[in-house]
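S.K.: Numbering-wise, the sequence shown is residues 66 to 427 according to the numbering used here. Using N, Cα and C, we set each Cβ at its ideal position, and we do this for glycine too. Attaching a single structure in structure tokens format; questions to follow.
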Amino acid sequence: MSNIVASRKKVFISAGEASGHQVAQKVMYALKQKYSQLDFFQLGGEAQAIQKKTALFPLKKLALNGIQDVIFSLPFLLKVFFVVKHWLLHHSPDLVILIDYPGLNRKLLKLCKKHHFPVYYISPPQVWAYKKKNIHDFNQVFTHVLFPMDIHYYQQVHAQVTQAHFFQKKTPSSPKNKRLILLLPGSRLSILKRNLPLYLKFIYSSQTLDRHNRYLVVVPPFLRGEASILLKAFSFASMTCDFSEAIEKGEGAIAFPGTNTLELALAGIPTYVLGVIDPPTYYIGKMLLKTKYISLPNILLNSPLFLEHLTLKSRITQVTFDQHVKKAFEEQPSTNILWEAMGQSNGAQVAVEQCLKLLASS
């Protein structure tokens, strides 16, 4: 396969939020290790990538959450679609990799099929979570699901399915005199603004949490500035953008539901999953979602590994917070059963193999 990429080829990657961007980085790194004759372009990136014209939009602006965010951002989202459409039609990439971000990427999938661009979808919509399962546009599409429970839904529509996740097992940290509690208030700006002040306010007034605890807020680099502003009134907490280092040291966590909750579970960190969302998302989500749980570890096991609470700001009180955080921190999660439920773990390797097949045929 050493002659697959004999000349320079263009690869476009569409990932619109932090966890998808992390997967994109792993796939790009693994592909570069195999072949150097690839030029990568991305939907979202940091300021440096935008200056170099290898990314089209700031990742911070693309990372939206909830119905309210989407409604307020509709003009911007329409602009994103047409800019990406123009880029694809003008540059004719040799491969398009779509990662999660279904609102945009489902539209790009149809565009790629229409214009015969080789396309590879990593982490497609988790259709088991919704009452409607319209995924017929994945027919014959190379599709990479993260977990075994997704496989048969895509096989039913004749997608070419592979499964492997991108997570790694962690070693739980040893207890210390001053417990380090991680605060993970989400990787989208609106979610950060809605959740971080609430976390800090409840911690400051808590009658349950040890006053000697240390608190570390963990946010992606593109939210560093906004998080710093929110932290000014709470001197007891510090901040980092290095999630890997934080998770090695953390001994407890309060986290917004998302991919990070799975990382925390694999590290054996007791976690209270607390998510405060906007009213439209809360009420419409209750009608559309059919899952019993909201955090990935609980969904994968179909049992409550973590105590979780998805709510509105008006519905959570100090008493509720104290009761839940005390209960959540009492038990260390068991990771072995969770790891088995996640299936294959060589996500980057599987992705590279599929990408090379598609590049060979382009």
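1) Considering only residues of the segment 76-155, which uninterrupted beta strand (DSSP E) runs meet the minimum length of 3 residues and lie entirely inside it, listed in chain order?
2) Rank L103, I187 and Q90 by C-alpha distance to the C-alpha of A73 and give the top, closest one.
3) Using 8 Å as the threshold, is the segment 294-305 in touch with the segment 263-282, meaning 3 or more CB pairs across them?
4) Please name the residue, chosen from Q205, V135, Y100 and L261, that lies closest to H223 on a Cα-to-Cα basis.
5) Mapping the DSSP letters down to three states, classify A302 as helix, strand or coil.
6) What is the DSSP secondary structure of Q383, reduced to helix, strand or coil?
7) Buried or exposed: F212, going by 16 or more other Cβ atoms within 10 Å of its Cβ?
8) Under 8 Å, with one C-beta from each stretch per pair, do the segment 373-381 and the segment 338-352 reach the 3-pair mark?
9) Would you list the one or two residues that DSSP bridges to T336?
10) Exposed or buried, I294, counting other C-beta atoms within 10 Å across all chains shown (16 or more means buried)?
11) Between the alpha carbons of D307 and P286, how many angstroms are there, rounded?
12) So what's Y186 in DSSP terms, helix, strand or just coil?
13) To which residues of the same chain is N242 closer than 6 Å at the C-beta, ignoring the five residues directly before and after it?
14) Does the beta-carbon of R276 have 16 or more other beta-carbons within 10 angstroms, so that it is buried, or is it exposed?
15) What is the DSSP secondary structure of K175, counted as helix, strand or coil?
M.R.: Taking the coordinates as given:
1) 103-110 and 120-123
2) Your numbering for residue 73 matches position 8 in the sequence shown. Looking at the sequence provided, one finds Arg at residue 73 rather than Ala. When each option's Cα is compared against that of R73, the closest is L103.
3) yes
4) As a working note, residue 223 is residue 158 in the sequence shown. Nearest option by C-alpha distance: Q205.
5) Here residue 302 refers to the residue found at position 237 when the sequence shown is read from its first residue. Assigned with DSSP and collapsed to three states, A302 falls in strand.
6) For this step, residue 383 is matched to residue 318 along the sequence shown. Correct three-state label for Q383: helix.
7) Reading the sequence shown from its first residue, position 147 is the one you call residue 212. F212 comes out buried.
8) yes
9) For the purposes of this step, residue 336 is taken as residue 271 along the sequence shown, with counting starting at 1. A318, per the DSSP bridge assignment.
10) Residue 294 sits at position 229 when you count from the first residue of the sequence shown. Residue environment for I294: exposed (fewer than 16 other C-beta atoms within 10 angstroms of its C-beta).
11) For the purposes of this step, residue 307 is taken as the residue at position 242 of the sequence shown. For the purposes of this step, residue 286 is taken as the residue at position 221 of the sequence shown. The alpha-carbon separation between D307 and P286 amounts to approximately 8 Å.
12) The count along the sequence shown starts at 1 and reaches residue 186 at position 121. Y186 falls in the strand class under three-state DSSP.
13) Here residue 242 refers to the residue found at position 177 of the sequence shown. For N242, the pLDDT reaches just 49, beneath the cut-off of 50, and the residue's location in the model is therefore unreliable, although a value from the coordinates is still provided. Answer for N242: no residue qualifies.
14) For the purposes of this step, residue 276 is taken as residue 211 along the sequence shown, with counting starting at 1. Result: exposed.
15) Position 110 of the sequence shown holds residue 175. In this structure, K175 counts as helix in the three-state DSSP scheme.
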